[in-house]
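Engineer:
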Amino acid sequence: MITATGWTKRYGGTVAVDDLTFQVKPGIITGFLGPNGAGKTTTMRLILGLDKATEGTVTVNEHAYRDKRAPMQEIGALIDPAAVHGGRSAYHHLLWQAQAGGLPRHRVDEVLELAGLADVAGKKVGGFSLGMQQRLGIASALLGDPPVLLFDEPVNGLDPEGIQWVRALVRRFASEGRTVLLSSHLMTEMEQTADHVLVIGRGRLVADLPMEEMTRQSAQSHVKVVSPRADELVSHLEARGALVSNGTPNELTVTGLDTSVIGAIAFAHGIPLNELSTHRASLEAAFMELTRDSVEYRAQRDLAA
Amino acid sequence: MAIGLSIGFSALIALITGLTFDAMSDGLRAEFDPILTTLGGWIFGMVLVITLAVTSVTSEYSSRLVRTTFILNPNRNRVFAAKAIVIALLGVAISAIVIPGMFLISQPIYHFYGLQTASVTDHDAARYLIIAPLLEGLNHALIPFAFAWLLRSTASAITASIGFSVLPWMITPMVPLWVQENVLRYLPDNAKDCLLGQLGPGAPTYLGDTAAIVVMAVWIVGALTAAVFVLNRRDV
Ligand SMILES: Nc1ncnc2c1ncn2[C@@H]1O[C@H](COP(=O)(O)OP(=O)(O)O)[C@@H](O)[C@H]1O
Ligand SMILES: [Mg+2]
Numbered sequence: 003m004i005t006a007t008g009w010t011k012r013y014g015g016t017v018a019v020d021d022l023t024f025q026v027k028p029g030i031i032t033g034f035l036g037p038n039g040a041g042k043t044t045t046m047r048l049i050l051g052l053d054k055a056t057e058g059t060v061t062v063n064e065h066a067y068r069d070k071r072a073p074m075q076e077i078g079a080l081i082d083p084a085a086v087h088g089g090r091s092a093y094h095h096l097l098w099q100a101q102a103g104g105l106p107r108h109r110v111d112e113v114l115e116l117a118g119l120a121d122v123a124g125k126k127v128g129g130f131s132l133g134m135q136q137r138l139g140i141a142s143a144l145l146g147d148p149p150v151l152l153f154d155e156p157v158n159g160l161d162p163e164g165i166q167w168v169r170a171l172v173r174r175f176a177s178e179g180r181t182v183l184l185s186s187h188l189m190t191e192m193e194q195t196a197d198h199v200l201v202i203g204r205g206r207l208v209a210d211l212p213m214e215e216m217t218r219q220s221a222q223s224h225v226k227v228v229s230p231r232a233d234e235l236v237s238h239l240e241a242r243g244a245l246v247s248n249g250t251p252n253e254l255t256v257t258g259l260d261t262s263v264i265g266a267i268a269f270a271h272g273i274p275l276n277e278l279s280t281h282r283a284s285l286e287a288a289f290m291e292l293t294r295d296s297v298e299y300r301a302q303r304d305l306a307a
Numbered sequence: 278m279a280i281g282l283s284i285g286f287s288a289l290i291a292l293i294t295g296l297t298f299d300a301m302s303d304g305l306r307a308e309f310d311p312i313l314t315t316l317g318g319w320i321f322g323m324v325l326v327i328t329l330a331v332t333s334v335t336s337e338y339s340s341r342l343v344r345t346t347f348i349l350n351p352n353r354n355r356v357f358a359a360k361a362i363v364i365a366l367l368g369v370a371i372s373a374i375v376i377p378g379m380f381l382i383s384q385p386i387y388h389f390y391g392l393q394t395a396s397v398t399d400h401d402a403a404r405y406l407i408i409a410p411l412l413e414g415l416n417h418a419l420i421p422f423a424f425a426w427l428l429r430s431t432a433s434a435i436t437a438s439i440g441f442s443v444l445p446w447m448i449t450p451m452v453p454l455w456v457q458e459n460v461l462r463y464l465p466d467n468a469k470d471c472l473l474g475q476l477g478p479g480a481p482t483y484l485g486d487t488a489a490i491v492v493m494a495v496w497i498v499g500a501l502t503a504a505v506f507v508l509n510r511r512d513v
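Top line first, the protein sequences correspond to chains A and B.
When we follow the numbering used here, the leftmost residue of the first sequence carries the number 3, and every step to the right adds one.
When we follow the numbering used here, the leftmost residue of the second sequence carries the number 278, and every step to the right adds one.
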């Protein structure tokens, strides 16, 4: 459990984080979303005691990070995976950390295996690709087998297989009852991963809600239909209560019916379909809308001040 | 490398001293001391100690591994203390190789040219060979170490450290007497030179043993305290 109360961080004149209050609960994956420069990394640094909050407090399992005696066994953090000693091997990079945290040597082999890096354990980390660095950073975070995981932009630079791996990993950790906080600037990345979302825009918290609500709040998703006899299909779909708009001659945008129903209608009338797909761009749009509001809100506040 | 350079340079100084001794002025001849003159090559050892002390801190800032360090050990005082102990020991260890090395290599050369020599069994030489590594080691390890935490950059911390050690000594003859007596006198390198006997009671910057020990201790403890104070307050 991570609890932030009235949290503010200013760097000189810039307000990076503005009066944040939130909780990150165990057993679920919490997505921390916001456009670039919103304050996600700053928040992670504050949780880890690297930067000092200008105001407010944050605790991880009821204690400030700075007061922890064995932090690796409590929190695993991925925050700056490019921060490595390029001349060291992956094994020695992890061994250094394990020793600093008083952890047994065998944990190094275990996390290398878990991160899919066992084969490159002896290679110098300076030559690692972005994706491998990311895996190494995740391996570091897992060394202490901690109940709380903080990953800042974990899928940056990962290939689709790597992304799947991170998703499966965090899902497993959440199901084991751990607390998982993942940040991202892309809604689409979170859509299939997070159970709960915290949305931050310009340092302010603009949404704190379960993922389903985020989906429900967003405009209805639509189905794209491409058919050579699209015109004919329109009346049949409208008869079933759908809202249909015509894009290009053969293409329809349908809301109110899902793909299986549309497919059945087309089949019943012998109309061939070239494409039938669900589009969820609306969730991304909802996210943009949320963060845009926060920008406007700030602008108004600044004018008032 | 720097160790070899230091010892080699001292040998060279001994050689030149021996070769030119007859041609020297009486004043220069009077300055010859079979113990203290061997310290001539120390500049390389000093630069080595300063560089190691500074980079032990600044390399972590440049690779940003300092964040990892403080994520693993959030207690900054403990990280600072552990590093300071290692660096102090390293500084003394390097000095304890270089300074006796310079002493030992110079003696046969002095002997060859018929100059006065010293032996490790002499009381003065033995005292010097124990005190010098301790003072040079601690002074050039811990003050630059503190500068490194404050400045966080290799180039500026090394420049500041070398400047701080060498500049006062270089400008001494050029500044008014009251600056020598009231400012330069209370700098750590001057105190160390007094303790090593490189400055006699006649010098304007001379400090007695007790005063010199206090001055050095205040500088070292003060620099470390300032560094740890700032470290606890700044963002990493
Ligand atoms: N050390 C710093 N000094 C000054 N400004 C900073 C510093 N770190 C972050 N900022 C500013 O704080 C804001 C939030 O940055 P950040 O937390 O990195 O955003 P995100 O990770 O969401 O992209 C940005 O405007 C950034 O420029
Ligand atoms: Mg960021």
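Glycine is no exception: its CB is placed at the ideal position from the N, C-alpha and C atoms.
On a predicted model such as this, the values are computed, not experimentally measured, just so you know.
Take residue 354 of chain B and list the residues in its own chain whose beta-carbon comes closer than 8 Å to its own, dropping the five residues that flank it on each side.
Structural biologist: Within the second sequence, numbered from 1, the residue matching residue 354 of chain B stands at position 77. Closer than 8 Å at Cβ, skipping near neighbours: 505, 509.
Engineer: Residue 512 of chain B CB to nearest chain A CB: under 7 Å?
Structural biologist: Within the second sequence, numbered from 1, the residue matching residue 512 of chain B stands at position 235. By this cut-off, residue 512 of chain B is an interface position.
Engineer: Of all Cβ atoms in chain B, is any one closer than 7 Å to the Cβ of residue 73 of chain A?
Structural biologist: Mapped onto the first sequence, residue 73 of chain A falls at position 71. Yes, its Cβ sits closer than 7 Å to a Cβ of chain B.
Engineer: Could you name the residues of the same chain whose beta carbon sits closer than 7 Å to that of residue 423 of chain B, not counting the 5 residues immediately before and after it, in chain order?
Structural biologist: Looking up residue 423 of chain B in the second sequence gives position 146. The answer, listed in chain order, is 500, 501, 503, 504.
Engineer: So if I threshold CB-CB distances at 8 Å, which residues from the region 337 to 352 of chain B count as touching chain A?
Structural biologist: Residues passing the 8 Å Cβ filter: 340, 341, 342, 344, 345, 346, 347, 348, 349, 350, 351, 352.
Engineer: Should the region 236 to 252 of chain A be regarded as contacting the region 52 to 64 of chain A, the criterion being three or more beta carbon pairs within less than 8 Å?
Structural biologist: Contact fails: fewer than three Cβ-Cβ distances are below 8 Å.
Engineer: How far does the beta strand (DSSP E) with residue 11 of chain A in it extend, from its first residue to its last?
Structural biologist: Stepping through the first sequence from its first residue, residue 11 of chain A is reached at position 9. Taken as a continuous stretch (DSSP letters only), the beta strand (DSSP E) holding residue 11 of chain A covers 4 to 13.
Engineer: Should residue 166 of chain A go down as buried or exposed, given a rule of 16 or more other Cβ atoms within 10 Å for buried?
Structural biologist: Numbered from its first residue, the first sequence carries residue 166 of chain A at position 164. Exposed, by the Cβ-count rule.
Engineer: Kindly give me the distance between the Cβ atoms of residue 336 of chain B and residue 364 of chain B, rounded to whole angstroms, as I take these residues to be in contact under 8 Å.
Structural biologist: Here residue 336 of chain B is taken as the residue at index 59 of the second sequence, counted from 1. Here residue 364 of chain B is taken as the residue at index 87 of the second sequence, counted from 1. Actually they do not touch by this definition, with Cβ atoms about 13 Å apart.
Engineer: Cβ closer than 9 Å: which chain B residues qualify as neighbours of residue 1 of chain A?
Structural biologist: Residue 1 of chain A lies beyond the residue range present for chain A, which begins at 3 and ends at 307; the question has no answer from this structure.
Engineer: Since residue 31 of chain A is in the beta strand (DSSP E), which residue starts that stretch and which ends it?
Structural biologist: As a working note, residue 31 of chain A is residue 29 in the first sequence. From DSSP, the beta strand (DSSP E) with residue 31 of chain A extends over 31 to 35.
Engineer: Output needed for residue 293 of chain B: all residues of its chain with C-beta closer than 6 Å, excluding positions within five of it in sequence on either side, in chain order.
Structural biologist: Stepping through the second sequence from its first residue, residue 293 of chain B is reached at position 16. Within the same chain, residue 293 of chain B has no close Cβ partners at all.
Engineer: Tell me residue 248 of chain A's beta-bridge partners as DSSP assigns them.
Structural biologist: As a working note, residue 248 of chain A is residue 246 in the first sequence. Looking at the DSSP assignment, residue 248 of chain A forms a beta bridge with A/254.
Engineer: So, for residue 369 of chain B: in the same chain, excluding its five sequence neighbours on each side, which residues have a beta-carbon less than 8 Å away from its beta-carbon?
Structural biologist: Within the second sequence, residue 369 of chain B is the residue found at index 92, counting from 1. Excluding positions up to five away in sequence, the list reads 410, 411, 414, 415, 418.
Engineer: Within the chosen definition, does the region 150 to 164 of chain A reach the region 10 to 22 of chain A through at least 3 CB pairs nearer than 8 Å?
Structural biologist: Cβ pair count under 8 Å is below three, so no.
Engineer: Rounded to a whole number of angstroms, what is the C-alpha to C-alpha distance between residue 28 of chain A and residue 180 of chain A?
Structural biologist: Reading the first sequence from its first residue, position 26 is the one you call residue 28 of chain A. Reading the first sequence from its first residue, position 178 is the one you call residue 180 of chain A. Approximately 5 Å, taken between the alpha carbons.
Engineer: Under a CB-based cut-off of 7 Å, is residue 143 of chain A close to chain B?
Structural biologist: By one-based count along the first sequence, residue 143 of chain A stands at place 141. Chain B, which has no Cβ nearer than 7 Å to the Cβ of residue 143 of chain A, makes this no.
Engineer: Quick one: does the C-beta of residue 13 of chain A sit closer than 6 Å to a heavy atom of ligand 1?
Structural biologist: Position 11 of the first sequence, counting from 1, holds the residue named residue 13 of chain A. At least one heavy atom of ligand 1 is nearer than 6 Å to the Cβ of residue 13 of chain A, so yes.
Engineer: Report the residue ranges of all alpha helix (DSSP H) runs contained in full by the region 389 to 477 of chain B; include only those spanning at least 4 residues, in chain order.
Structural biologist: Those alpha helix (DSSP H) runs which fall completely within the region 389 to 477 of chain B and span 4+ residues are 400 to 428, 431 to 448, 454 to 459, 465 to 472.
Engineer: So is residue 50 of chain A in contact with chain B if we call contact Cβ pairs under 7 Å?
Structural biologist: Sequence index remark: in the first sequence, residue 50 of chain A carries index 48 (1-based). Yes, contact with chain B.
Engineer: Quick check on residue 339 of chain B: does DSSP put it in helix, strand or coil?
Structural biologist: Within the second sequence, the letter at position 62 stands for residue 339 of chain B. If DSSP states are grouped into helix, strand and coil, residue 339 of chain B belongs with the helices.
Engineer: Of the choices A/141, A/156, A/202, A/228, whose alpha-carbon is the least far from that of residue 112 of chain A?
Structural biologist: Start at 1 with the first residue of the first sequence, and residue 112 of chain A comes out as number 110. Measuring from the Cα of residue 112 of chain A, the nearest candidate turns out to be A/141.
Engineer: Just checking residue 43 of chain A against ligand 2 - is the residue's beta carbon closer than 6 Å to any of the ligand's heavy atoms?
Structural biologist: Against the first sequence, residue 43 of chain A aligns to sequence position 41. Yes, Cβ of residue 43 of chain A sits closer than 6 Å to a heavy atom of ligand 2.
Engineer: Report yes or no: do three or more beta-carbon pairs, one from the region 379 to 391 of chain B and one from the region 282 to 296 of chain B, lie closer than 8 Å?
Structural biologist: The answer is yes - the region 282 to 296 of chain B touches the region 379 to 391 of chain B, with three or more Cβ pairs under 8 Å.
Engineer: Less than 7 Å separating the beta-carbons of residue 225 of chain A and residue 213 of chain A?
Structural biologist: Walking along the first sequence from the start, residue 225 of chain A turns up at place 223. Walking along the first sequence from the start, residue 213 of chain A turns up at place 211. In this structure, residue 213 of chain A does not lie closer than 7 Å to residue 225 of chain A by Cβ.
Engineer: Can a CB atom of chain B be found closer than 7 Å to the CB of residue 260 of chain A?
Structural biologist: Taking the first residue of the first sequence as position 1, residue 260 of chain A is located at position 258. Chain B contact via Cβ: absent.
Engineer: Note down, in chain order, every chain B residue with its Cβ under 7 Å from the Cβ of residue 92 of chain A.
Structural biologist: Taking the first residue of the first sequence as position 1, residue 92 of chain A is located at position 90. Correct list: empty, because the minimum Cβ distance to chain B is about 14 Å.
Engineer: Is the closest heavy atom of ligand 1 to the C-beta of residue 38 of chain A under 6 Å?
Structural biologist: Taking the first residue of the first sequence as position 1, residue 38 of chain A is located at position 36. Answer for residue 38 of chain A: yes, Cβ within range of ligand 1.
Engineer: Hey, would you say the C-beta of residue 190 of chain A is under 6 Å away from at least one heavy atom of ligand 3?
Structural biologist: Within the structure as shown, ligand 3 is missing, the only ligands being ligand 1 and ligand 2.
Engineer: Applying the 10 Å Cβ sphere with the 16-neighbour rule, what's the burial state of residue 296 of chain B?
Structural biologist: On the second sequence, position 19 is the one that residue 296 of chain B refers to. That one is exposed.
Engineer: Just confirm the distance between the C-beta atoms of residue 157 of chain A and residue 191 of chain A, as a whole number of angstroms; I'd bet it's less than 8 Å.
Structural biologist: In the first sequence, counting from the first residue as 1, residue 157 of chain A sits at position 155. In the first sequence, counting from the first residue as 1, residue 191 of chain A sits at position 189. Right, the Cβ-Cβ distance comes to about 6 Å (below 8 Å), so this counts as a contact.
Engineer: Let me know the secondary structure DSSP gives residue 99 of chain A once reduced to three states.
Structural biologist: Here the question's residue 99 of chain A lines up with position 97 in the first sequence. Reduced to three states, the DSSP call for residue 99 of chain A is helix.
Engineer: Can you find a C-beta in chain B that's less than 7 Å from the C-beta of residue 58 of chain A?
Structural biologist: Here the question's residue 58 of chain A lines up with position 56 in the first sequence. Not closer than 7 Å to any Cβ of chain B, the Cβ of residue 58 of chain A fails to qualify, so no.
Engineer: Where does residue 66 of chain A land, buried or exposed, given buried means 16+ other C-beta within 10 angstroms?
Structural biologist: To locate residue 66 of chain A, count along the first sequence from 1; it is residue 64. Residue 66 of chain A is exposed by the Cβ-count criterion.
Engineer: Report yes if the CB atom of residue 154 of chain A is closer than 7 Å to the CB atom of residue 186 of chain A, and no otherwise.
Structural biologist: Taking the first sequence and counting its residues from 1, one reaches residue 154 of chain A at position 152. Taking the first sequence and counting its residues from 1, one reaches residue 186 of chain A at position 184. Result no, Cβ atoms of residue 154 of chain A and residue 186 of chain A do not sit closer than 7 Å.
Engineer: Is DSSP giving residue 137 of chain A helix, strand or coil here?
Structural biologist: What you label residue 137 of chain A is simply residue 135 of the first sequence in a count that begins at 1. Looking at residue 137 of chain A - three-state DSSP - the assignment turns out to be helix.
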